[in-house]
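Under our numbering, the first residue of the sequence shown carries the number 13, and numbering increases by one thereafter. Ideal Cβ placement from N, Cα and C applies to all residues, glycine included. Bear in mind the structure is a predicted one, so any value in this text is a computation, not a measurement. Okay, structure first, notes after.
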Amino acid sequence: MFAIVCDTAIPDGKKYETMPTPPPLRVAELTMLEVQPRDKRGFFILPQAPEDAGYYVYGTPGRGAGQYAHPNMMMALLYVEREWQASDTRKFGIGNISLANGTAYGQHSTHKSGLEVDIRPLRKDGLPIPVYWYNKEYDQAATAKLIALFRAHASVRRVLFNDTDIPLVTPFKNHDHHFHLELSA
Numbered sequence: 013m014f015a016i017v018c019d020t021a022i023p024d025g026k027k028y029e030t031m032p033t034p035p036p037l038r039v040a041e042l043t044m045l046e047v048q049p050r051d052k053r054g055f056f057i058l059p060q061a062p063e064d065a066g067y068y069v070y071g072t073p074g075r076g077a078g079q080y081a082h083p084n085m086m087m088a089l090l091y092v093e094r095e096w097q098a099s100d101t102r103k104f105g106i107g108n109i110s111l112a113n114g115t116a117y118g119q120h121s122t123h124k125s126g127l128e129v130d131i132r133p134l135r136k137d138g139l140p141i142p143v144y145w146y147n148k149e150y151d152q153a154a155t156a157k158l159i160a161l162f163r164a165h166a167s168v169r170r171v172l173f174n175d176t177d178i179p180l181v182t183p184f185k186n187h188d189h190h191f192h193l194e195l196s197a
């Protein structure tokens, strides 16, 4: 066993042995770090389960395959996540962004550039499940605050959401349980 011994006198005059130092790793023992997937555009997948993050992920296809983000979107999401986390213990849900290489995205006519994202409105109970803006579990004030954080940081082009009591949102078909946020490049 290897050990490092402290040669500096401690006030009580004793020398202390510190944690054992392991021998160097052999090449066979080294493990490769997991690398975040990257598409041909150079876009990365949004981190899927970072510890202590202020968001959770949802959407189709699963495991981040629909969450390739343009660098501006990635920066906006991570910035807003940190700002949100500093003021609220609940997590907000980040859904569809884009498929690898901007492939057409099922029923979405957008979500090809990596500059569009679907985000769930906040629930009063903080559960990571959908809520419609007209349900009693919907937290309008928190959702308005989240949208305002995006508008304050990012170059938001538009927000599609059917709760028109929130400033600067545009109603749009099927946007009762998520808001669609678009950034300029």
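Excluding sequence positions up to five away, which residues of its chain have a Cβ less than 6 Å from the Cβ of Gly71?
Result list for Gly71: Gly78, Gly107 and Asn108, in chain order.
Helix, strand or coil for Glu194? Go by DSSP, reduced to three states.
Looking at Glu194 - three-state DSSP - the assignment turns out to be strand.
When you compare only the Cα positions, how much space is there between Arg132 and Gln97?
In a straight line, the C-alpha of Arg132 is about 16 Å away from that of Gln97.
Using a Cβ-Cβ cut-off of 7 Å (strictly less than) and excluding sequence neighbours within five positions of Tyr68, which residues of its own chain qualify?
So the qualifying residues of the chain are Lys103, Gly105 and Pro140.
List the DSSP bridge partners of Ala81.
Ala81 pairs with Phe56.
Who are the Cβ neighbours of Asp137 in its own chain at under 8 Å, not counting the five residues just before and after it?
Once the five neighbours on either side are set aside, the close Cβ partners of Asp137 are Glu149.
Near Thr176, which residues of its chain fall below 6 Å by C-beta distance, leaving aside the five closest residues on each side in sequence?
Closer than 6 Å at the Cβ level, and outside the excluded window around Thr176, lie Pro183.
Measure how close the beta-carbons of Asn186 and Leu127 come, nearest whole angstrom, since I'm counting them as under 8 Å.
That belief does not hold up - the Cβ atoms of Asn186 and Leu127 are roughly 20 Å apart, past 8 Å.
Ordered along the chain, which non-local residues of its own chain (more than five positions away) have a Cβ less than 7 Å from that of Asp151?
Correct list, in chain order: Leu134, Arg135 and Lys136.
Mark Gly66 as exposed unless 16 or more other C-beta atoms lie within 10 angstroms of its C-beta, in which case mark it buried.
Flag for Gly66 reads buried.
Please report the Cβ distance between Tyr194 and Arg170, rounded to the nearest whole angstrom; I am assuming they are in contact, meaning their Cβ atoms lie under 8 Å.
Note that residue 194 is Glu in the sequence shown here, rather than Tyr. Contact holds; Cβ gap of about 5 Å.
Could you name the residues that DSSP lists as bridge partners for Gly105?
Paired residue(s): Tyr68.
With which residues is Tyr150 paired in a DSSP beta bridge?
Bridge partners of Tyr150: Arg135.
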